[in-house]
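Using my numbering, the first residue of the sequence shown is number 147, and each one after it goes up by one. The next block holds one structure in the form of structure tokens; read it before the comments.
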Amino acid sequence: MIKDLRAYLDYLRSKSRLAVVKDEVGTELEITALTDTANRARKYDSKTLMFSNVQGYDMPVVTSLFGSSNTLSELLGSFSISDTVMSILHPQQAGGAGSMLKGAKAFIDSKPKVESFSANGYRKLGGLDELPVLKSWPNDAGKFITLPIVVTNSYDDGSLNAGVYRMQVFDDVTTGMHWQAQKGGALHAYEAAKRGKALKVSVAIGTDPFNILSAATPLPQGINEFAFAGMARGSRTTLVKDGDYPPVPANSEIIINGYVEPDERRMEGPFGDHTGYYSIPEPANVLHIDKIYAKKDAVYPASVVGFPWNEDAVIGLFMMQYLKPMISLVNDSIIDIYLPPEGLFTDVCFIKVKKRFPGEAKKAMFSVLGLGQLSFIKMIVAMDDDIDITDLGRVLWAMATRVEPERDVQIIKGTPTDTLDHTANTVAYGSKMLIDATKKSRGEGYGRDWPDTISLPKGVMDDAVKRWQKLK
Ligand SMILES: Cc1cc2nc3c(=O)[nH]c(=O)nc-3n(C[C@H](O)[C@H](O)[C@H](O)COP(=O)(O)O)c2cc1C
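Spelled out as structure tokens, the structure:
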């Protein structure tokens, strides 16, 4: 049982996935440089780095907590959100009524426990200058907290949201809140502002891996991320509540409490982001910090992003794998979906379609654009079920041999886009490109007979393979 961040670090150590850097390093650029180098070298199986000797701070810094896809599989491999949902929506397919009850029970049992906060075991900090916050890239506007769990409650229905949104340190007691317009935290700030009220915000930095991963998972709005963490962990999350600040995990290393005023904005960025570019500065909400607590021997976690490939690519690939059965559940035209990391998870998407009727590939692409954070996707390519959509060579072949641009490429104007997409004329508002790279039928207006792909009879092929074995 991984009960907190230290237990998680022990677990990584036991798997030889933790490297301790004992040399003195600075929080400006140096930690990024080593982390970025390590992530790029090992891609799917990067090591977590622990910097035990950080210039000017007693607190160690850890980076790449989720750099290894093996770790993610071990943590979450046996839990399937899709199975749980399937067992409720499609009990016959998932194993009958017993399975439905099991799924429903898992949902109910995962409700977080809430206790009142006690400062025992914590020390109160005077300001953010006591935390080893990183400045990652040379032209960053300053230091950014990059792995915070930001917790808010809705004024409309009281529901809780937890998301990982970077926080730019403006000074010791104020930060920027980079929650993108469509994300849970921003929606709660919007609801508060409509009432002219301040929004109370709590931030947890460093907790067990299930809480962090849940906060980073694009769950539907209204689903409590800590309940989801409880299901994934197999035991309920314990939260602690300090007065009227939103609750945070009881095992948090660092807790920040504060508030966001309704009409206050400050320029946030530039920040060297996972796009490989610096973000364009934009106005952002401002967090005023009332209190900061840190465990007596707290560990400070940070995530380094930059030109792909980094930790976010490992997290993104795993999450897509993890969540994709849900997509087929919502739209059975979609057999598979792949977001190549270099397409930044928000910009390029390949789908494999079960094509049974004219226009089904388009139906499938439209539905992707309506699904939560997949609505950020800028370009979708739909392909038939004979294409391995994870193989870029096959994807290009499908595009070359199945796309007639005038007929098969659609541009949809005036749509929401990722706020990080600097190509859009205006922030968070742009267009989509849908490419139908499936074989066309007469029902779709194709006036000729679509040619067959080339292949040899199995017997002839088997003989050829045997002969080739001898020649090799
Ligand atoms: C390391 C890391 C940094 C992130 N930074 C941001 C960010 O600055 N702003 C943002 O809107 N999303 C950011 N995300 C993505 C969100 O955490 C993710 O979209 C999550 O689903 C948001 O929660 P929500 O759906 O409850 O809003 C980041 C994710 C990771 C893993």
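Positions of the beta carbon are idealized from the N, C-alpha and C atoms, including for glycine. Note that the coordinates shown come from a computational prediction; the quantities given were computed from them, not determined experimentally.
Should K570 be listed as close to ligand 1, given that the test is whether its C-beta is under 6 Å from any heavy atom?
Position check: residue 570 holds Ala in this sequence, whereas Lys was assumed. No, since every heavy atom of ligand 1 falls outside the 6 Å radius drawn around the Cβ of A570.
Continuous beta strand (DSSP E) stretch holding D443: start and end
Premise fails: D443 is in no beta strand (DSSP E) and is neither H nor E.
Whole-Å CB distance - F417 paired with F290, under 8 Å assumed:
6 Å
Where the beta strand (DSSP E) containing R412 begins and where it ends
400-414
Around the C-beta of K90, are 16 or more other C-beta atoms found within 10 angstroms, so that it is buried, or is it exposed?
Since the first residue shown for the chain is 147 and the last is 618, residue 90 is missing from the structure and cannot be characterised.
Any heavy atom of ligand 1 closer than 6 Å to the Cβ of Q326?
yes
Using the Cβ count rule (16 or more neighbours within 10 Å means buried), how would you classify P551?
Around the CB of P551, fewer than 16 other CB atoms lie within 10 Å, so the residue is classed as exposed.
Considering Cα atoms alone, identify which of W325, N370, R379 is closest to L218.
Cα-wise, what sits closest to L218 is R379.
Taking all protein chains shown into account, decide if F503 is buried (16 or more other Cβ within 10 angstroms of its Cβ) or exposed.
exposed
Grab me the residues of M607's own chain with a C-beta within less than 6 Å of its C-beta, minus the 5 sequence neighbours each way, in chain order.
none
Whole angstroms are fine: how far does the CA of D204 sit from the CA of L517?
Straight-line Cα distance between these residues: approximately 44 Å.
For a test of the three-state rule: what should DSSP assign to S219, helix, strand or coil?
helix
Whole-angstrom distance between D191 and V626, CA atom to CA atom:
With the chain covering 147 to 618 only, the question about residue 626 has no answer from this structure.
Less than 6 Å between C-beta atoms, sequence neighbours within five positions excluded: which residues of the same chain meet that for K498?
Once the five neighbours on either side are set aside, the close Cβ partners of K498 are I481, D482, M529, D531, I535.
How should M147 be labelled, buried or exposed, when 16 other C-beta atoms within 10 angstroms of its C-beta is the threshold for buried?
M147 is exposed by the Cβ-count criterion.
When DSSP builds the beta bridges, which residues end up paired with E428?
E414
Assign R594 to buried or exposed, taking buried as 16 or more other Cβ atoms, counted over all protein chains shown, within 10 Å of its Cβ.
exposed
Please say whether A448 and L280 have beta carbons closer to each other than 7 Å?
yes
In whole angstroms, give me the CA-to-CA distance for H420 and K189.
15 Å
By alpha-carbon positions, which one of Y301, L293, D255, T321 ends up nearest to G309?
The shortest C-alpha separation from G309 is found at L293.
Starting from N307, trace the beta strand (DSSP E) both ways and give me its first and last residue.
306-310
Could you tell me the boundaries of the beta strand (DSSP E) in which N185 lies?
For N185, no beta strand (DSSP E) run applies; the uninterrupted alpha helix (DSSP H) run containing it begins and ends at 176-188, by DSSP.
To the nearest angstrom, how far is the alpha carbon of R548 from that of V611?
Whole-angstrom Cα-Cα distance: 29 Å.
Answer yes or no: the CB of K329 versus the heavy atoms of ligand 1, is any distance below 6 Å?
Yes, the beta carbon of K329 sits closer than 6 Å to at least one heavy atom of ligand 1.
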